[in-house]
Amino acid sequence: MSKGSRVPLPKFVSTAQQRWQSGDMLECTVIHDELTDVRSYTFIDPTGACFKFKPGQHLSLALPLPGGDDFRAFTIASSPTRPHSIQITVKTTGAGGATAWMYKHLRPGVKLRAFGPTGHFSLQDYPTRKLMLISAGVGITPMMSMLRWLRDRRETVEIAFLHYVRNPAYLLFQDELAALNKELPNLHLYQIPSQVPSRERWQGMSGRVNQLQLSALLAPEQAVFCCGPTGFMQQVQSILAVQSISPNNYHQESFGAPASERVETALPATRVSRQSVAIHFENQQIEAKCGERLLDALRRNKVVIPTGCQTGLCGTCRLKKTDGNVQMRHQGGLSNIEERQGYILACCSILETDLSLLRV
Ligand code: FES
0 MSKGSRVPLP
10 KFVSTAQQRW
20 QSGDMLECTV
30 IHDELTDVRS
40 YTFIDPTGAC
50 FKFKPGQHLS
60 LALPLPGGDD
70 FRAFTIASSP
80 TRPHSIQITV
90 KTTGAGGATA
100 WMYKHLRPGV
110 KLRAFGPTGH
120 FSLQDYPTRK
130 LMLISAGVGI
140 TPMMSMLRWL
150 RDRRETVEIA
160 FLHYVRNPAY
170 LLFQDELAAL
180 NKELPNLHLY
190 QIPSQVPSRE
200 RWQGMSGRVN
210 QLQLSALLAP
220 EQAVFCCGPT
230 GFMQQVQSIL
240 AVQSISPNNY
250 HQESFGAPAS
260 ERVETALPAT
270 RVSRQSVAIH
280 FENQQIEAKC
290 GERLLDALRR
300 NKVVIPTGCQ
310 TGLCGTCRLK
320 KTDGNVQMRH
330 QGGLSNIEER
340 QGYILACCSI
350 LETDLSLLRV
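Position 187 (the sequence shown) corresponds to 186 in numbering that gives the first Met the number 0; numbering is contiguous.
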């Protein structure tokens, strides 16, 4: 794979009016191997439009897998201050599935449809002067977007960035982080492997995330952003709960949970009523069962909507409800205002009555 420029020069000079829209195509232009199983993919809009997003948001890509399109959400690692291209960094997991398809088939020149950007995991939504970023593994990607954004804007916010990995061989973006450490005057960077080969070869902090490390770096009124595997974030959350961090100051993001970890939001089959409900969506009337998950009903009727986490977290499957009721339990994929405006998440909405929906 190419070891060329990480941020390619745009082929086009876009006007302010040309903006990439959700549902448009992306064209892969550069692939960079970060580690043996971690790759960065850079995309442009084939028509030369610019991207508008917040640092920390994500995109959902429609990947043409043999069994049909698979939608996967990926955090954008690049900064919105460089809007001519967009970059994601992906860890390849397993022999089959979406990330393996990307590793094998996604090459410069390949075009994919994408949806978004969405998500509330952005420091732009929570302005602060004191920031703690905590990530593990490839959960570093939203933090890179935030740090690149802060650097380009010459921000002077106080940042403690703790990044956890299994061992030093898994550290990502090391050269760039060293440069960011110089460019951002108030960045305090801690790369923390849980295992180290020897004390001679690693002199920084090491070990798993723990109370001692976090409490030493926490400051009053600090906004905390955390991204990593589910177990890691649960551990961070329980440590911070002891430290009395206000829930308003804690934000977390997680993607790519295997199906076994996904929240089962649909009612058990025995509780799905025989009673039919009708869904009105884009000039179609879809028959569904009361108690069925909205996303399942749409898919059964070959209606494709983008999805990401499928746990009610990322907001990718957002639709607008203009009539009817659903029972919804999400994990922060919608704001209170959006809920009041009638937005729902198809992945965690259970049908209760006839529904009228709009795509957003
Ligand atoms: S797919 Fe992420 S909230 Fe529904």
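Built from N, CA and C at the ideal position, the CB exists for glycine as well. Since the model is a prediction, treat every value here as computed from it, not as a measurement.
Buried versus exposed call for residue i [16 or more other C-beta atoms within 10 Å across all chains shown]
| i | result |
| --- | --- |
| P141 | buried |
| T321 | exposed |
| I244 | buried |
| R261 | Low confidence applies here, because R261 scores a pLDDT of 39, under 50, leaving its location unreliable; read the following figure in that light. Looking at its Cβ environment, which holds fewer than 16 other Cβ atoms inside 10 Å, R261 is exposed. |
| Q17 | exposed |
| P126 | exposed |
| R71 | buried |
| I336 | exposed |
| V137 | buried |
| H104 | exposed |
| Q234 | buried |
| G55 | buried |
| A187 | Per the sequence shown, residue 187 should be read as His rather than Ala. Looking at its Cβ environment, which holds fewer than 16 other Cβ atoms inside 10 Å, H187 is exposed. |
| P246 | exposed |
| A265 | Its pLDDT being 40, under 50, A265 is placed unreliably by the model, and nothing is read from it. |
| R299 | exposed |
| T310 | buried |
| G227 | buried |
| V359 | exposed |
8 Å Cβ shell around residue i - same chain, five flanking residues per side excluded
| i | result |
| --- | --- |
| S334 | H119 |
| G206 | I191, S193 and Q212 |
| Q340 | K319 |
| G203 | Y189, Q190 and I191 |
| Q284 | A277 and I278 |
Cα-Cα separation, residue i to residue j
| i | j | result |
| --- | --- | --- |
| P305 | R200 | 45 Å |
| K51 | Q274 | 44 Å |
| A113 | G323 | 29 Å |
| F42 | H250 | 27 Å |
| C362 | C225 | As displayed, the chain neither begins before 0 nor continues past 359, which places residue 362 out of reach and without an answer. |
| F172 | W148 | 15 Å |
| I238 | N209 | 7 Å |
| R328 | C346 | 10 Å |
| N180 | Q20 | 34 Å |
| S59 | S348 | 19 Å |
| V195 | Q326 | 48 Å |
| W100 | V109 | 12 Å |
| D174 | Q236 | 30 Å |
| E252 | N282 | 35 Å |
| S214 | E220 | 13 Å |
N-terminal and C-terminal residue of the alpha helix (DSSP H) that residue i is part of
| i | result |
| --- | --- |
| P246 | Counting along the chain, P246 falls outside any alpha helix (DSSP H), and DSSP gives it neither H nor E. |
| M143 | T140 to D151 |
| L350 | From DSSP, L350 is part of no alpha helix (DSSP H) but of the beta strand (DSSP E) over S348 to L350. |
| L216 | Q210 to L216 |
| T155 | Careful: T155 lies outside any alpha helix (DSSP H) and carries neither H nor E. |
| I336 | N335 to R339 |
| T98 | G96 to H104 |
| L294 | L293 to R299 |
Residue i and residue j closer than 8 Å at C-beta
| i | j | result |
| --- | --- | --- |
| T98 | V89 | yes |
| L130 | A222 | yes |
| L369 | L297 | For residue 369 there is no data in the structure shown, the boundaries of the chain being 0 and 359. |
| Y40 | I87 | yes |
| A277 | E291 | no |
| P107 | T35 | no |
| S77 | S144 | yes |
| L344 | G331 | no |
| D44 | L64 | no |
| P116 | H57 | yes |
| L159 | L216 | Note that residue 159 is Ala in the sequence shown here, rather than Leu. In contact: A159 and L216 (Cβ atoms closer than 8 Å). |
| C316 | L294 | yes |
| E182 | R150 | yes |
Residues of its chain near residue i, where Cβ-Cβ distance is below 6 Å and the 5 sequence neighbours each way are ignored
| i | result |
| --- | --- |
| V164 | L170 and P192 |
| I85 | F42, F50, I75 and S77 |
| N166 | P192 and Q194 |
| Y102 | T91 |
| T14 | Interpretation of T14 is limited by its pLDDT of 49, a score under 50 that renders its predicted location unreliable; the figure taken from the coordinates is listed afterwards. Counting only Cβ-Cβ distances below 6 Å, and skipping sequence neighbours, we find nothing. |
Contact set for residue i: own chain, Cβ-Cβ below 7 Å, skip 5 residues either direction
| i | result |
| --- | --- |
| T155 | P184 and N185 |
| T352 | V276, G323 and N324 |
| F280 | V302 and L356 |
| D69 | L62 and A97 |
| K218 | Looking at the sequence shown, residue 218 is not Lys but Ala. Only K129 meet the Cβ criterion. |
| G22 | R112 and F114 |
Terminal residues of the beta strand (DSSP E) in which residue i lies
| i | result |
| --- | --- |
| I278 | S275 to F280 |
| D322 | R317 to D322 |
| M24 | M24 to L34 |
| Q360 | This structure cannot settle anything about residue 360, because the visible part of the chain is limited to 0 through 359. |
| T187 | Note on residue identity: the sequence assigns His, not Thr, to residue 187. Here the beta strand (DSSP E) through H187 covers L186 to P192. |
| T41 | V37 to I43 |
| R200 | Run containing R200: none; DSSP gives neither H nor E here. |
| H57 | H57 to L64 |
| F407 | For residue 407 there is no data in the structure shown, the boundaries of the chain being 0 and 359. |
Any chain D beta carbon closer than 8 Å to residue i
| i | result |
| --- | --- |
| R106 | Included in the structure is just one protein chain, with no chain D present. |
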